[in-house]
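Step one of this worksheet: look at the structure below.
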Amino acid sequence: MLVTGGSSGLGLAIAKEFAEQSARVVITGRRQEQLDEALVSLGNDATAIAADVSNASDLAALFSRIESLHGRIDVLVANAGMGEITPLGKITEAVFDRVFNTNVKGVTFTVQGALPLMGQGSSIVIIGSTASMNPGPGLSVYGATKAAIRAMVRSWVLDIKGSGIRINLLSPGPVDTQSLRSMLADDAEQIIQAFSEKSTLGRIGEAHEIGKAVAFLASDASSYINGVELFADGGASQV
Numbered sequence: 005m006l007v008t009g010g011s012s013g014l015g016l017a018i019a020k021e022f023a024e025q026s027a028r029v030v031i032t033g034r035r036q037e038q039l040d041e042a043l044v045s046l047g048n049d050a051t052a053i054a055a056d057v058s059n060a061s062d063l064a065a066l067f068s069r070i071e072s073l074h075g076r077i078d079v080l081v082a083n084a085g086m087g088e089i090t091p092l093g094k095i096t097e098a099v100f101d102r103v104f105n106t107n108v109k110g111v112t113f114t115v116q117g118a119l120p121l122m123g124q125g126s127s128i129v130i131i132g133s134t135a136s137m138n139p140g141p142g143l144s145v146y147g148a149t150k151a152a153i154r155a156m157v158r159s160w161v162l163d164i165k166g167s168g169i170r171i172n173l174l175s176p177g178p179v180d181t182q183s184l185r186s187m188l189a190d191d192a193e194q195i196i197q198a199f200s201e202k203s204t205l206g207r208i209g210e211a212h213e214i215g216k217a218v219a220f221l222a223s224d225a226s227s228y229i230n231g232v233e234l235f236a237d238g239g240a241s242q243v
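In terms of this note's numbering, the sequence shown opens at residue 5 and continues consecutively.
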């Protein structure tokens with residue numbers, strides 16, 4: 005199985021969940037040093053391959069290497085993504101392109117490139133976000149990328165009808181990762197407290213909880229679930 009953006013945060017938590025279930029895990033990320041550090045926690049059956057999902061040649065090399073190593077992909081978790089807080093009036097072309105290239109272009113060509121290596125019973129889980137519905141101030145560009153992926157999944161399940169491959173979207177709410185805290189910068193504690201108060205569980209998520217939700221969508225336990233957007237956000241999107 006392949007987890008993009010698997011060297012830290014949600015991606016690494018997802019990879020750990022599958023490694024604990026004895027899956028042969030391949031993780032990708034842009035920085036080889038960070039990938040090598042992540043491998044220490046994933047066991048001997050894991051492999052790290054440096055790749056930027058927004059780069060077509062990187063993706064081609066990635067899938068060629070996976071085909072050589074394993075011959076197929078049973079589970080694809082398209083997790084690689086990024087976000088920046090940029091309010092209207094300060095959105096630059098560089099910010100727009102950077103976020104869309106990773107979150108939309110990257111996911112699109114990751115899924116398309118993986119399909120030839122997938123077959124009956126395979127599963128694709130794309131990591132979305134509750135920002136697809138409620139992006140909040142400064143997150144219009146990020147939220148738009150996640151809404152775009154939601155629309156794409158609804159079309160893609162029709163495009164590959166009959167293949168036996170399922171595609172679902174797992175959309176977390178705020179999860180306590182270093183990337184979230186870095187994005188929130190000096191306001192992190194205050195904003196996390198506000199997120200916690202909005203949740204019907206009174207807290208934000210933990211990365212391992214997202215890993216377990218992804219594992220469910222990837223497994224035969226969800227064999228009749230296809231094309232859904234499952235929110236893992238402590239109920240915040242329901243109230």
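Glycine included, C-beta positions come from ideal geometry on N, C-alpha and C.
query	result
Under 8 Å: do the segment 106-118 and the segment 175-187 share three or more Cβ pairs, one atom per stretch?	no
Roughly how many angstroms lie between the CA atoms of L43 and E37, to the nearest whole one?	10 Å
What residues match up with N172 in a beta bridge as DSSP calls it?	V129
Where in the segment 37-88 do unbroken runs of the alpha helix (DSSP H), each at least 4 residues long, occur, reported from the N-terminal end onward?	60-74
Distance, Cα to Cα, G93 vs P141?	12 Å
Quick one: what does DSSP say L6 is sitting in, helix, strand or coil?	strand
What is the DSSP secondary structure of T96, reduced to helix, strand or coil?	coil
Given a cut-off of 8 Å, decide if I130 and I153 are closer than it, judged by their beta-carbon atoms.	yes
Is there contact here, the segment 224-235 with the segment 23-38, by at least three beta-carbon pairs under 8 Å?	no
Output needed for D245: all residues of its chain with C-beta closer than 8 Å, excluding positions within five of it in sequence on either side, in chain order.	Since the displayed the chain opens at 5 and closes at 243, residue 245 lies outside it and no answer follows.
What residue range does the beta strand (DSSP E) around E233 cover?	233-236
Assess contact between the segment 162-173 and the segment 182-197, defined as three or more Cβ pairs (one per stretch) separated by less than 8 Å. Is contact present?	no
State the beta-bridge partners of T32 as determined by DSSP.	I53
How would you label S186, buried or exposed, when you count the other beta carbons within 10 angstroms and need 16 or more for buried?	exposed
Checking 8 Å against the spacing of the C-beta atoms, do L184 and G238 come in under that value?	no
Run through DSSP, which three-state label would V179 get?	strand
Provide the residue span of the alpha helix (DSSP H) that contains A27, from first to last.	Per DSSP, A27 belongs to no alpha helix (DSSP H) and is neither H nor E.
From the DSSP output, read off the bridge partner residues of G209.	V179
N172: which of S200, S133, Q25 sits nearest, CA to CA?	S133
Determine, using beta carbons only, whether L121 and R76 come nearer to each other than 8 Å.	yes
According to DSSP, is I229 helix, strand or coil?	coil
Quick one: what's got a C-beta closer than 6 Å to K150's C-beta in the same chain, skipping five residues either side?	G132, S133, A135, S136
Output yes or no for whether 8 Å exceeds the beta carbon distance between G13 and Q182.	yes
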